[in-house]
Every structure is written in C-alpha cells, then in structure tokens.
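J.: Below: one structure in structure tokens.
In this note's numbering, the protein residues as written are 1 to 1279.
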C-alpha cells in the first residue's frame, strides 16, 4: 500500500479529468475546466493541489509551488498537441528540403479532400518558409546506364548501395539559415530525399542549424526513419511545429511545483497507448495522447480473456466521436492523418467521426441531416443560452433524456444559468413547423418525433464507422460488446448497440473520466525502429535476429535508465512485411506460433481474404517495442447490494413509441447486484446513462454498469414517406455500397483495386435506377446506371437467378475499356423478375490492345484499346465461365498490332472479387428486406431518388431565377474547344417554375479521328458531378439527380461516337472539358487545369502510369488551389522515394510552377513542374490537354497558363512534345512536365499582395476526422 499520492490526469480541450490514488488506497475523482484563468493558471496542477490540500489538511495557496515529496507519480495525457495542430497555433518554423522539392509537402499526394467542393480547401502547411539545400542521394539501380563518374558510392542503413550525387553545400545553407534567424524563426524540420536510409546529410544540416542557434531541429531520419518522403516529411514538420509548444506547456506545468518537478516521476501518454518520461514527450507522438488513455481504460476494464468477447470503444464527446476496437491486443496504425497532416508513427487505431453532442441539425430538401458542422463549446447548442444552433444535445434535452437539475448552472452570458429547456423546445417547435410545411400536410410530425428523428439519424451516422472498422476487416460486428464512455455516449449506447446487433453495453463506473483512469493502468513504452530491404528467407534470418537483438538492447537500456528492473521489462519485436510489388505492408509480431511469416499470412488472409503464392515477402522495417510494467493493479470491489435500488424520481421520457414513465437512479446509490429494467436513467456527476425500454442494466462486482440490450420494439415502417426513415435509409443504402467496396478491396489482387482503390460499388432499384453509389469516383457517377439498364433492355427475361453480367463497352454504359463492370440481378424469395441490382466497376491494369496498360495515346479504333464486353454472362446459373471469359480477354490478339490481356490471372482474380462484392451487397440488402419488407425497401429506394431530385430542382430554380434577373431569360450557353479544335457546345434551358433543365449539346463537333471521343455515359457522369457541386451540400447521388434534366447529345458527335470509336482519351481528358463547359454555362467558377496529365513510361519489363495535378479555377469568393487534382479525377501520386526505388528514373524537381495561375481579384491555382531523368532507354507516352488553349478566366479574370511537355535530350536538344505523343528516350534524357494553371476570377485590382491578404472574410476548415476508416474513405475518394 503506497504512502504517497498517485495522479492520472487527462487534460482535454474543454475539461480536465483527475483520477487520484491517495494513501490508504482511497480514490478521488475530479473534473475541472481546462481553461479558467480567473481561478487558476493550470488545470492539472490545480487538480493536484486541491486533492493534496483536501486529503492532507495542509493549506497550499495557489501562489505557492506544490510539494512533490508527497507525490509518487503523475501521469498525463493532453490535447495540447492536437489542439495546436487543429487550430494551427504551433511554433513558427521552416522546412529544409532537398533542392527541387520546395513544394513537395504543399502538393502532398495531390488529392483534394472533398470531392465536390469547387472551392478546394486543403490543410494549411505548417511551415512559414522553405530553404532548398543543394545535396542529393541517389539509390543504386542495376539497370542504370548513366555516367556515374563524380558520384561517390556509399551504403545505406538498409544494406543497399547508394550514390552521393551532390554533397551538402554548407556555405550556401548557412547563408539561407541566417536569413531565417533574422525573421525570428527558431524551429526547423529537415527532410532530405532518401535520408531514411542514410542520415549523413540530414545530420550535417542539423549540425549547421544548431551551431547557428536554432532551438529545435527535427531531422526526419530521427523522428521516423521510414521510406516515403511525403508522410515522413509531414511527421518531421509536426514534430518541429508541436514539440516546442509541448515543451512550453511542460515548462509552465513544471513551474508550479517545487524544483520544477526535478526528480519527480512524471509520465505522458503517447499516441501508441504507452507512457513516456516528460522530457521524451514529443510532437509527432502526442497527437492521440488523450484518446489513447481512453482506449487503454476500456481495454483493461471491459475485455475479458475468459469470454473473449471483442470490445468496441465508443467515446462520444461534444464535437466528435472516437471509435476503436480491442480484442486482447491493441490495434495500431503506422500512418494516419490528423488535421490534414499525415503522421508516420505508431498510433492506436482511433477513428474519429464528426458527430457528437454538438453536431448541428439541418433539414434539407426533405432530408434530416446531422453535422458535420458543430455548435462547439461556444456558442454551443441552443440550450447553452448563447444564441447557438439546434444540436443533438438539444434533441436529448427536448425528449427528457437530459435532466437540467443535475447539471451545473454555468450557462448563458453570465455563466450562472441552468440549461435552457424552454429555449430548446421553442426552437424545435419552429423547426417542426418548417418540416410540416415542407411535407405539405401529408404527415404532421410533433416536435418530439422530429427530435427523435435527429437522434436516430445521428446514431446511424455513428454506426457506419463501427461497421467499417469491424466488417471491413473481416469481423462480425454483432459479436462485440460496446464499451461506452465520454460525456454524451451514455444517452446513445443502447440504440447504437441494438442497430449493430450487439447484445452487451458496458459503462465503466469512471466512464466520464475513463481517459484519465486509463493513464493509471498504462505501461511505460520505449520503441526503436530502423528500415531494411531484406527478403524474408532463410538466408536473412541471422541478420534479422541480430538486428532485433540490437534494438531490444536499446529498449532495455532506456527502460533501465527510467528505473525499471529487468523483471519488469518485456520486449516485443515486429517486422513490417509486404508482398513484392504491393504497397500493403503489415506490422507483424511473432504471434502464438513464434513465426513472423505465419502471422503475416494469417493477418493477410483475415484482412484481404486470400494470400499470394509464389510471391516474395519483403521487410521494410524492423521494430521493437519495449514495455516497463508499471505494477499497478486495481482490484477494487464494492459492497454488494442488500435491497432494491433506490429510485430518485420518476419522469416522462420520449422513446420510439411515445412518452414512457422512466425511473431515475443516482450512480452513487447503486451497488453490485442491483438490476434496473429499462426505461431508466442512471445519473452520476460525470455522465448520464439511458437504459432504453427492453434493456436491463446490472451493476457488476466492481461497480460498473453492464446493460443487456433487448430486441427492437420500434414501430413498423410503412411504404409511405417518413422523413426520419428517409435519412436512416439513406445511411443504410450508402453503408451497403461502402461494405461492398470493403469486400472488393479485401478480395482483389491488383494494385489498382486493392491499393489505389480505383473502383466504385452501387445499388440499383428494380428499374435499374441508381439508388446509392459510394464512395464516389466522379467519372463513375451515374455511368453504371446506363450499364444496368442496357442489360435489362438487351437480356430482358434472360436475366435469371445465378447470372452475373460483365460489361465495359461504351455503347453499354462503359466509360473506357479498362473499367470492367460486374452486375448481379437479385431475386428475392419466389420473385420472377429482379427486385434490385448490385454492381461494381473496377479499373483493370490491362485488358489487351496495342499498348501495355490499355491506354494508348494514339488509338483510332476501340479494338486497339483492349477486350470489350456488352452483355457477357461471366456467371451462368451459378457457374463461373472461366474458359469463355479467358477466350474473350485474349480476343484482341486477332487485331493487327494488338495482344490479348497481359495480366490474365489478375483479371480473373479481380473479377472473382467483384462477383464476391456483389454477393455481399445481395446479402446486406436481403437482410434489410428481412427487417423491413420488400415493399418498404423498394419504396424507400424511390423516396431517396425523389429526395435527390427535389434538391436538384431547388438548385435549378435558384440558378434559373438568377439568370433571368441578370439577362431577362433563363438560358445559359457555353462553348469551349479541345486542343485539336474540336468544339463542345452547350445550351442549358431552365424552367424556373418546375426546376427542370434541358442540357443540349447540339453543335458539338463530330466524332474525332483519335481517342478523345467520350462515351455518352461519361457526359452523364460529368453532368451529375456538376449538379452535385452546384447544389453545395451532401445529397444522395442517384438517378434522382438527373430526373429534372433532359440531356440532348447529337448521335455521331464526339460525345456520342460510333460503335468502334476510340474513347480512352475521352474518359481522362474530354470528361474534364465537359465539366469546364457546364461550369462556364452556370458561371460557377473559372476553368481548372482541364486535364489529367497522363504520363506513361516503361519497356518490355515494366510499365509506369501516373496522372499529375495542376491548378484549380478561382471562384466568386475564393482563390484557386495550386498543385491539386480537379473535377473528374483525384488520383494519388506515387511518393518520390518510391518512384526512384522502383523505377530507373531520377526525379529532379517537383514543385509549383510560379505565375501559372490566372490573375484576378481571386487568382487561379498554379500548375506544377515535374522533371524526370531517365536512367536507361525507355518509351515515354503523354496524353494531355490544355497545351494549345489556356484554361479560361471568368468575370474579367485572366486565363491560367497552358501546360507544356518538353524533352531535353542528353546531348542538349530541347524538344516540344506537344499534347499527345509516344517517344523513345535515352539514358540522360529529361522529361519536363508543366501542368496548366487555373483561371482567375474578377478583374485584377491594383492592391499589392495576394488577395488572401485583403479584406475578405476569414475562411478556415478544420479537419477533424481520422483513423483507418477515414484513411480508407479518403483513399477511395482519391482513386
């Protein structure tokens, strides 16, 4: 029994929670405002002071330093780093980077975060200045034919040979750094190419910087020595940006204690769930410091090895909800994005979604919408009395689920008022009137039904990431317990568990402060990691073992220095393993069978559904995690109950079936053995727990609440429109499409589908109309609908049970031939006709034709682009037609200069994965039908489509009225040209009364002798994309979007070419120009770069393909974004270090093209410069646009600069390659790509400086979401 105090503290953004173990094992719990300068300077110190003073009886004035002799240890988690990152309030700092890569971290992976925002808002960079340093390391490549005389050979830490092409120019560097010092910058992030495997140049830069007096220098090779300069660079930036803030906070915290805590045992929680000494706590590992404590807390208290029931952590706060999973071991990710910054460091897989108690409530076009916008703490919801908006907290208050009398009186401008229930009720009555008016009196709703509806929608929104976190990784969601903690989670836990099929909810007695409690249970962790390039084979085992031992020794030494005995220390080793040719690396331990390979194969099979035979497994990194067991064991148990629980009061609470009498209990009066039948509310000082009807709560031996969730007793849903169910079905339909995508990604084999996620999954109604399509790839939007309907027209009654159809032909709704669509008609019970359809479209790396990749720059006929299918039964009566399919995929070989598919096995495997994804969709919709009935599901398919239609009609009415007010007629026109002179002409006639429009492309040029012809489906996708952008908020993307629109495309034109016309350029180039023309007609914004910049190089042994970013167009209130993908594409770019590692090229430059954005009141975004030197003879192909005609400006704004493709040969010739060509290149030749800039908006002013600095409202977007589910969705959006 300790005679000293032990403190575990979670300093959150709003509240600071304190858990104290006092002498005699007495427990004290406290919650304080994190920022309350009128009463104390620092919340954690104040919590410690108050408890010490109360327990010892010794007066401890706030002005005096706290005596640390009474304290055994302090453990803390803090959101200081996260908040500084979210609010961009870190240390002033600069980036030092290899010359030529000035903007590599500004461009990042080139994808835009929100697909349909014309104003592209990317996370702000963390640095103020950039210094380019003359230095260059080159990887050895045995295929290299360059003259390497003058290059010095060296060896990397991975054991691989390297070349020093350029030593660090220290004199120039020192001069540049001195200028930074003069500007007051004292923190640097040093990020040099390939430094992860050779630290020498970064060390030299660091030495110069420290000698000049820079107070903080983060070397990327020290912070996280992992391959890929972009995420490693972001990690170093975060470290340089945040660590000084953390040090400042720690100095302030320490100053409140005697001797500044010198000699005290003070530990801080890291993102990986382990504690580290205060002096070792740094920015890159502090991002999840607070949430990590909660994960440790529920993992240690809710999971039992005996019943082996995995646990989902559910931490619902004010602005967001954290979701995670624990099944006996912590689930870590090693690269995650927080506040738009990608961090390479071990982090618990905590998935944050923008849904919390403060999520705002909207009613849009007949749809209940919750968030993602938040009322935050200020002004807060309506009930906070500060003029805030309606939020989820208000909905719970309106329904009687929050009891104001148990909340402190801290609200209103004077901060002394109770929660305002009257104000909340009045606001809901106003919203209810608006909803009833919209519904036209068809169904009158009460304010309680409206509030209940928003809670149901919010719950469904929070269920989606939980489904993705479990089912997406091969786990059954229903076979989990829900561990609920955080301030708001207890009001929603029963409903969410029921929706997910879970039968158990666990609410720890310290649920309101579980993150702090978790700190008390956590262990101290020290990790060591280094890169490698070994193959996992017998010959490598000795080296692997030796390197693991060396890293283990470092961990043990560090933990010994912290006072841990050898008996308290354990180590766990990991190998970061992947199949050769893939990017999907898994961090694997020895596992139960003490075999890294078995762990790798088992995990790969679980996550992806298969393993690859006869494929080398490579090791990217070796990692050792050392743990110092803290020895804390908490076996506290409470006295058993001797009677029934005491009912504090009875109130009326609203549930699905109306108001019900609900008993209120105080947690402090409940003891082990007490059981409470719902409906009931359990109150304690930290949280509110709602026990819903048909649920039963029991108090465990340790005083926790365990709720058994009963069956659903909600009212049956009918076929008539219910606006609440409309929102819920919208989530369910989207969730089905998302989970189909997860299965496709798990079971596919190719890089395009598994890693680039270039696919789309969709659900269709019985008429073939699109119901949900998620996630959204713009060029796929709406296109699959034409493919499904083509099969219905063509096959008719020949669509039978057990059939699966394959199609990709432009005349069958295809976009281009590599995009293969797999369609499954679904029959329910004894139905004769399909009751719905599921389909998915995936991009295959090759399907034959005249060139590898099936994307030739000079194709003239469709057959030159690969195998084509209109209505091919890939499965007939349940039998996979492999022989017939193989013959069809090899058929292009019959044409001159063509071959059949070059990747037959990949094609077959991916098509089987596509079939499996459809099967999952059938299963999920069948479950939905079992739950609601076929008539109801089909009815809501129609309701969802109608909702999208209403949103588009409203938008067309507004735009039509604006056009009429401006010109006297609601007719919009636009014309633009391709570089070859082909014209795309559009006339949009809007019926303002009906909200309908005719899109007439009459006058568009005829079919082109080349491949920039666009299939009709591509034009339809471009129109849906534009309509969604113009609506300006989330709507279901389905057939309803096009119902108010009539599209006229002249047959035989380049937008509806003949049967055998080449179309590959139409998909990637003309699609962008169609968008430019539509947005020009609507005067929405200036033209963006209007091109995907398709670049291919290779030889008979390999092929590489990339699309490159450019500038986006400015708009009426915004500047264009530089170096980003726009409109119909959003592909990520291969990291520069991976590019040079895998291919015989050197990337000399990757930066923005200064001045390429069009000038204007708001300027267009800049294009990029990309220079690639070839190390051997290869073939280079470019397929680009906007090389002749510049992207237009608008409203007096100037056009953006045209792009340019230049080849500088090894002997000095400078060749303009034009927009489309194939050319052989020699060793030493350099390809220079300049991509187009975006057009400007508005007449340029005479004001000096950028429009960013002028008097316009500040615009800032906070990027809250994070975690593996978010990463997956972002990858899908950037496919």
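Backbone N, C-alpha and C fix where the C-beta goes; we use that ideal spot for every residue, glycine too. As the structure is a computational prediction, the values presented were derived from the model and not from experiment.
If you compare alpha carbons, which of 50, 36 and 1172 is closest to residue 1229?
T.: Locating residue 1229 in the chain shown gives position 1229, where the first residue counts as 1. Of the listed residues, the one whose Cα sits closest to residue 1229 is 1172.
J.: DSSP three-state call for residue 1054: helix, strand or coil?
T.: As a position in the chain shown, residue 1054 is number 1054, starting the count at 1. Coil.
J.: Just list the residues that DSSP pairs residue 526 with in beta bridges.
T.: By one-based count along the chain shown, residue 526 stands at place 526. 626.
J.: Indicate the three-state DSSP secondary structure (helix, strand or coil) for residue 32 in the structure shown.
T.: Walking along the chain shown from the start, residue 32 turns up at place 32. Reduced to three states, the DSSP call for residue 32 is strand.
J.: Residue 445 by DSSP, collapsed to three states: which one?
T.: Start at 1 with the first residue of the chain shown, and residue 445 comes out as number 445. Here residue 445 sits in coil by DSSP.
J.: Rounded to whole angstroms, what's the CA-CA distance from residue 1153 to residue 164? Just pull it up for me.
T.: As a first step, residue 1153 must be located in the chain shown, where it is residue number 1153. As a first step, residue 164 must be located in the chain shown, where it is residue number 164. For residue 1153 and residue 164, the distance between alpha carbons rounds to 28 Å.
J.: Comparing C-alpha positions only, which one of 1061, 726 and 619 sits nearest to residue 537?
T.: The residue labelled residue 537 in the question sits at position 537 within the chain shown. If we check each option's Cα against that of residue 537, 619 comes out closest.
J.: In chain order, what residues of the same chain have a beta carbon less than 6 Å from the beta carbon of residue 191, not counting five sequence neighbours either side?
T.: Counting from 1 along the chain shown, the entry for residue 191 is found at position 191. Answer for residue 191: 97, 220, 233 and 236, listed in chain order.
J.: Here's the rule: buried if 16 or more other CB atoms are within 10 angstroms of the residue's CB, otherwise exposed. What is residue 426?
T.: Here residue 426 refers to the residue found at position 426 of the chain shown. Exposed, since its Cβ has fewer than 16 Cβ neighbours within 10 Å.
J.: Among the residues of its own chain, which have a CB less than 6 Å from the CB of residue 270, if the five just before and after it don't count?
T.: Position 270 of the chain shown, counted from the first residue, corresponds to residue 270. Excluding positions up to five away in sequence, the list reads 276 and 285.
J.: Taking 7 Å as the line, does the beta carbon of residue 360 fall inside it for any heavy atom of the ligand ADP?
T.: Although the ligand ADP was asked about, the structure shown includes no ligands whatsoever.
J.: Note the first and the last residue of the continuous beta strand (DSSP E) segment covering residue 277.
T.: Within the chain shown, residue 277 is the residue found at index 277, counting from 1. Start and end: 275 to 277.
J.: Which two residues bound the contiguous beta strand (DSSP E) that contains residue 740?
T.: Within the chain shown, the letter at position 740 stands for residue 740. Element bounds for residue 740: not the beta strand (DSSP E) but the alpha helix (DSSP H), 723 to 747.
J.: In the DSSP output, which residue or residues are listed as bridge partners for residue 541?
T.: Residue 541 sits at position 541 when you count from the first residue of the chain shown. Answer is none; residue 541 lacks a bridge partner.
J.: Among 587, 1232, 1125 and 311, whose alpha-carbon lies nearest the alpha-carbon of residue 1367?
T.: No answer is possible for residue 1367: the residues shown for the chain start at 1 and end at 1279.
J.: Output the boundary residues of the alpha helix (DSSP H) element that contains residue 83.
T.: Counted from its first residue, the chain shown places residue 83 at position 83. Where residue 83 is concerned, the enclosing alpha helix (DSSP H) stretches over 80 to 87.
J.: For residue 406, does the three-state DSSP call read helix, strand or coil?
T.: Locating residue 406 in the chain shown gives position 406, where the first residue counts as 1. DSSP places residue 406 in helix when its eight states are reduced to three.
J.: Could you name the residues that DSSP lists as bridge partners for residue 139?
T.: Counted from its first residue, the chain shown places residue 139 at position 139. According to DSSP, residue 139 bridges with 162.
J.: Among the candidates 77, 122, 188 and 334, whose CA atom is the shortest distance from the CA of residue 129?
T.: Taking the chain shown and counting its residues from 1, one reaches residue 129 at position 129. It is 188 whose Cα lies nearest to the Cα of residue 129.
J.: What three-state label does DSSP hand residue 489 in the structure shown?
T.: By 1-based counting over the chain shown, the position of residue 489 is 489. Residue state, collapsed to three classes: helix.
J.: Per DSSP, what kind of secondary structure is residue 3 in: helix, strand or coil?
T.: Your numbering for residue 3 matches position 3 in the chain shown. Note: residue 3 maps to coil in three-state DSSP.
J.: Where do the ends of the alpha helix (DSSP H) carrying residue 1216 lie?
T.: As a working mapping, residue 1216 is identified with position 1216 in the chain shown. Careful: residue 1216 lies outside any alpha helix (DSSP H), inside the beta strand (DSSP E) at 1214 to 1216.
J.: If you follow the alpha helix (DSSP H) that residue 988 is in, where does it begin and where does it stop?
T.: Translated into positions along the chain shown, residue 988 becomes position 988. Not the alpha helix (DSSP H): residue 988 falls in the beta strand (DSSP E), residues 983 to 991.
J.: Under the three-state reduction of DSSP, which class applies to residue 790: helix, strand or coil?
T.: Position 790 of the chain shown holds residue 790. Note: residue 790 maps to helix in three-state DSSP.
J.: Could you tell me the alpha carbon to alpha carbon distance between residue 706 and residue 505, rounded to whole angstroms?
T.: Residue 706 sits at position 706 when you count from the first residue of the chain shown. Residue 505 sits at position 505 when you count from the first residue of the chain shown. So the alpha carbons of these two residues sit roughly 6 Å apart.
J.: Once DSSP output is grouped into helix, strand and coil, what is the label at residue 1184?
T.: In the chain shown, counting from the first residue as 1, residue 1184 sits at position 1184. Residue 1184 falls in the coil class under three-state DSSP.
J.: Looking only at its chain, what residues have a beta carbon closer than 6 Å to the beta carbon of residue 1080, apart from the 5 residues adjacent to it on each side?
T.: If you number the chain shown from 1, residue 1080 lands on position 1080. So the list reads 974, once near-sequence residues are dropped.
J.: Please return the same chain residues whose Cβ sits closer than 6 Å to the Cβ of residue 1008, not counting the five positions on each side in sequence.
T.: Here the question's residue 1008 lines up with position 1008 in the chain shown. Here the set comprises 982 and 1054.
J.: Should residue 622 be labelled buried (16 or more other beta-carbon atoms within 10 Å of its own) or exposed?
T.: Reading the chain shown from its first residue, position 622 is the one you call residue 622. By the neighbour-count rule (16 or more Cβ atoms within 10 Å), residue 622 is buried.
J.: If we ignore side chains and look at the alpha-carbon of each, how far apart do residue 943 and residue 320 end up?
T.: Along the chain shown, one-based indexing puts residue 943 at 943. Along the chain shown, one-based indexing puts residue 320 at 320. About 30 Å.
J.: For residue 375, which residues from the same chain have a beta carbon less than 7 Å from its beta carbon, with the 5 sequence-adjacent residues on both sides left out?
T.: Locating residue 375 in the chain shown gives position 375, where the first residue counts as 1. Here the set comprises 358, 360, 381, 388, 389 and 391.
J.: Quick check for students: name the residue ranges of the alpha helix (DSSP H) that lie wholly in the segment 1011 to 1075, counting only runs of 4 or more.
T.: You should have 1016 to 1031.
J.: With a 10 Å radius around its C-beta and 16 neighbouring C-beta atoms as the bar for buried, classify residue 447 as buried or exposed.
T.: Here residue 447 corresponds to residue number 447 of the chain shown, with the count starting at 1. Per the 10 Å Cβ criterion, buried.
J.: Mind checking whether residue 1033 and residue 364 have CB atoms under 8 Å apart?
T.: By 1-based counting over the chain shown, the position of residue 1033 is 1033. By 1-based counting over the chain shown, the position of residue 364 is 364. Contact: yes.
J.: DSSP on residue 102, reduced to helix/strand/coil?
T.: Looking up residue 102 in the chain shown gives position 102. Coil.
J.: Between which two residues does the alpha helix (DSSP H) containing residue 759 stretch?
T.: Sequence index remark: in the chain shown, residue 759 carries index 759 (1-based). Careful: residue 759 lies outside any alpha helix (DSSP H), inside the beta strand (DSSP E) at 759 to 764.
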